[in-house]
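Report on the following structure.
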Amino acid sequence: MAFDMGRAFHAAWRLAPRLPEGLVRGVVDVAFRAAARSGGGGVRQLRANYSRIRPDATPTELDRLARQGMREYGRYYAEAFLLPKFSTPEQLADRVRAIHTDASERDLREGSVVLALGHTGNWDIAGAWVSAFHATVLTVAERLEPESLFREFLAFRESLGMEVLALEKGQNVFRQLVRGAVGKRRAVSLLADRDLTLRGVEVDLLGDRALFAAGPAAVALAARVPLYFVGIRSDRITGSDGRKRWGIELEFVGPLEVSEDLGGSARIASLTQAWVDELSAHIRRHPTSWHMLQKVFVADLDPDRLSRRDAMAAGAVDGPRVGGEDDRADGEDGQVGDDDGRVVDAGGQASGGGRVGEGSGGRASDDLEATG
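Note that my numbering gives residue 526 to position 272 of the sequence shown, counting from 1, and the numbers run on in steps of one.
Right, here's the structure in full:
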C-alpha cells in the first residue's frame, strides 16, 4: 500500500496535542538532526543559501549554520502539529511577542493590509495570532498531491481562523485577493521569497540577484492598502504566568512606500525590492530563522528556465495595472505568489508540507524529501 502523507499528517495533528509538548519537540528535533547529518539535497541548498548570508564563513561554520537551520525548521513542524494545543487567543498571547511600528497596529486595527513574509520562523503561529487579535488572515493555497494532504492543511489553517483561497487552474486569485482586501478588513498574508513561475521580480537579496514573487506589492498597490514586511523568528516568550515557552517574535516594518512617479511593473518591482531589503536585514540578524531549502538565487537557477523567462519578458506588456479606476476591484491577472500549501502566503514555493499561499505546482512531499 502506498504511503499516504495526508493520513500521516492527519494522525500527527490528532496525536501530538495529546502528548507532552517536550516529547513532541524532542522526537521531531531528533528527526531533523538526522536529516541534517544525512546531507540531502535540501540541506546542501540550505547551506549554500546561508553562504550568501555569511560569505566569509568557513566550511565548518556553514555546516553549523545548516544544522541549526534544520533544527529550527524542525521546530516549525513540531509547532504546527502542536498548535491545536495552544490555539486560543489567551494561549497565543503567551507565545507571541509583537514589535509594531507606530502605524502597523493602527493599520491592522482600522483596515486591510498586505503582509509580505519570507520562510522565517513559524508563519502558522503568526497567522493564527494575527487572525485572533487583528484582522482575519487571507491567503492562498495551491492544490497539492496527494489531495488528502492538501485537505488536511486547508482544514488546519481554517481552524486557526484564516481565510484560504484554494488556487484552481485558470483561477484569477489576484483579483480575489484584491477584492478581499477592498471589501473586508483582511490581513492579506503572502509568503513570497521564492518564484516558481516565469513572472517573478528580479531583486537584490543579500547582495545577490534572486527571483521573488510579485504578489505582495501587486496586491497592495492594486487594493491601495499599506504593505508591511513581517520578520518572524523563534524565541522563548515569557507568558502571562511568568513561564517561558517556545514561541515567535513578530517584527512589523512599514508601511513601505515607493515613488508615485513610477507606474506599472516598475512600481511593483520597486515596492518588492523595498520589502526584500527588510527581509535581507532580518535574515542577516537571524540567519537560521530562514529555512529556505530550495534555490532562490538567480545564479543557482536552471539556465533554460531563465532563458524562457527573458524571452517571455521581451514580448510582455506592462505588469498588473496600478492606480487605475477599476484596479481595486479588477486588478489584472498578475502573479500573486507561489504557494506551496505551506502557511501564511501567496507567493513562495509550492513544495512543502502543505503551507499556505505560495503557488508552484510541486509535490507536497518535496520539502520533506529535501531534508534527506
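Where a beta carbon is used, it is the ideal one built from N, C-alpha and C, also for glycine.
- Its Cα nearest to that of residue 501, the residue 382 stands out among 382, 402, 510 and 404.
- Inter-residue distance for residue 517 and residue 530 is about 19 Å (C-alpha atoms, whole angstroms).
- Listed in chain order, the alpha helix (DSSP H) runs fully inside the stretch 457–483 are 469–477, counting runs of at least 4 residues.
- Out of 503, 436, 366 and 494, the CA that lies nearest to the CA of residue 388 is found in 366.
- Check the Cα spacing between residue 504 and each of 495, 491, 485 and 510: the tightest is with 485.
- Residue state for residue 531 is assigned as helix, using DSSP reduced to three classes.
- Three or more pairs of CB atoms, one per stretch, sit closer than 8 Å, so the stretch 476–490 contacts the stretch 528–544.
- Bounds of any beta strand (DSSP E) do not take in residue 320; it lies within the alpha helix (DSSP H) bounded by 313–336.
- Inter-residue distance for residue 434 and residue 495 is about 38 Å (C-alpha atoms, whole angstroms).
- Residue 362 and residue 314 have their C-alpha atoms some 43 Å from each other.
- Look at residue 310 here: in three-state DSSP terms it is coil, with no helix or strand label.
- Looking at the DSSP output, residue 273 shares a beta bridge with no other residue.
- Rounded to whole angstroms, residue 515 and residue 527 show a C-alpha spacing of 16 Å.
- Boundaries cannot be given for residue 511, as no alpha helix (DSSP H) includes it and DSSP labels it neither H nor E.
- Residue 428 has its alpha-carbon roughly 11 Å from the corresponding atom of residue 393.
- Per DSSP, residue 351 lies in no alpha helix (DSSP H) segment; the continuous beta strand (DSSP E) that holds it begins and ends at 350–353.
- Sixteen is the threshold: when 16 or more other Cβ atoms of the shown chains lie within 10 Å of the Cβ of residue 470, as they do, the residue is buried.
- A direct Cα-to-Cα measurement between residue 295 and residue 397 gives close to 24 Å.
- Here residue 492 is bridged, per DSSP, to 498.
- By the Cβ criterion, the stretch 400–417 is in contact with the stretch 264–274, since at least three pairs of Cβ atoms, one from each stretch, lie closer than 8 Å.
- Taken atom to atom, the span from the alpha-carbon of residue 371 to that of residue 492 is near 24 Å.
- By the Cβ-count criterion, residue 440 is buried, with 16 or more other Cβ atoms from all chains shown falling within 10 Å of its own Cβ.
- Excluding its 5 nearest sequence neighbours in each direction, residue 300 has C-beta neighbours in its own chain below 6 Å: 320, 323 and 547, listed in chain order.
- Restricted to the stretch 385–423, the beta strand (DSSP E) segments that are unbroken, complete and at least 3 residues in length are 390–396 and 417–421, listed in chain order.
- Counting along the chain, the unbroken alpha helix (DSSP H) around residue 431 starts and ends at 427–437.
- Contact annotation, residue 430 with residue 445: C-beta distance approximately 17 Å; criterion of less than 8 Å not satisfied.
- With a cutoff of 8 Å on beta-carbon distance, residue 454 and residue 467 are scored as near each other.
- In the same chain as residue 354, and ignoring 5 residues on each side of it, the C-beta atoms closer than 7 Å to its own belong to 506, in chain order.
- Between residue 290 and residue 282, the beta carbon gap of about 13 Å keeps them out of contact (Cβ cut-off 8 Å).
- Residue environment: residue 513 is assigned as exposed (fewer than 16 neighbouring CB atoms within 10 Å of its CB, all protein chains considered).
- Under the DSSP assignment, residue 440 falls in the beta strand (DSSP E) whose first and last residues are 440–445.
- Closest option to residue 350, judged by alpha-carbon separation, among 327, 342 and 325: 342.
- Contact check for residue 390 against residue 359 fails: the beta carbons are separated by 8 Å or more.
- Taking all protein chains in view, the Cβ of residue 414 is crowded by 16 or more other Cβ atoms within 10 Å, so the residue is classified as buried.
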